[in-house]
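K.L.:
For the sequence shown, the positions run 80 to 195 when our numbering is used.
Think of the CB as a built atom: it goes at the ideal place given N, C-alpha and C, for glycine as much as any other residue.
No experiment lies behind these values; they were computed from the predicted model shown.
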Amino acid sequence: MSDEQKTNKKIIVCYSIDYDNEYSVDINIEDYEEQTLTHLSTLLASIPSVQFQVQTMNIVKDAFLEDGKGEELELLISQILLKSESLLTKMQQSKELKEEDQKGSNEPCIKPSDIL
């Protein structure tokens with residue numbers, strides 16, 4: 080990624096796999112401001128694989144603590160938990176709506192009792 084592309088981005092999360100099938104995560108954030116952490120929490124909460132999310136969070140945790148940003152880490156984690164819960168709730172509601180739609184689609188448009 081060129082320097083020009085990097086300067087245009089507030090947050091960059093890049094996953095890669097090497098020839099030994101080892102994966103790595105490279106995370107660059109512009110600053111530790113609340114808005115930046117909010118955007119980062121949205122990205123991290125959106126990772127569908129729990130394994131990737133946990134491993135990514137361990138990398139983030141180590142980097143934040145190394146930079147002396149414990150309070151910012153707590154804010155980030157709380158935002159991730161809230162967003163993950165919200166995403167799960169929305170997914171469950173969507174699943175329930177689909178199930179209700181499928182139940183309704185199995186019934187005939189005109190019931191035999193309506194004809195009589």
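If I'm right that E113 touches L167 with Cβ under 8 Å, what's the distance once you round it to whole angstroms?
P.N.:
Wrong, their Cβ atoms sit about 24 Å apart, outside the cutoff.
K.L.:
Can you check whether the CB of T115 is closer than 8 Å to the CB of I90?
P.N.:
Yes. Within cutoff.
K.L.:
So D141 is in the beta strand (DSSP E); what residue range does that whole segment cover?
P.N.:
No beta strand (DSSP E) contains D141, which is instead part of the alpha helix (DSSP H) from 129-145.
K.L.:
If you pair each beta-carbon of the segment 90-104 with each one of the segment 118-125, do three or more pairs fall below 8 Å?
P.N.:
Result yes; three or more Cβ-Cβ pairs closer than 8 Å.
K.L.:
Rounded to the nearest angstrom, how far is the Cβ of I106 from that of I138, given a contact under 8 Å?
P.N.:
7 Å between Cβ atoms; contact.
K.L.:
Here's the rule I'm using: 16 or more other beta-carbon atoms within 10 Å means buried, otherwise exposed. How should E151 be labelled?
P.N.:
Buried, since its Cβ has 16 or more Cβ neighbours within 10 Å.
K.L.:
Mind checking which residues open and close the beta strand (DSSP E) that includes S120?
P.N.:
That residue, S120, is in no beta strand (DSSP E); its alpha helix (DSSP H) goes 113-124.
K.L.:
With DSSP as the reference, please indicate the residues paired to S103 in a beta bridge.
P.N.:
Per DSSP, S95.
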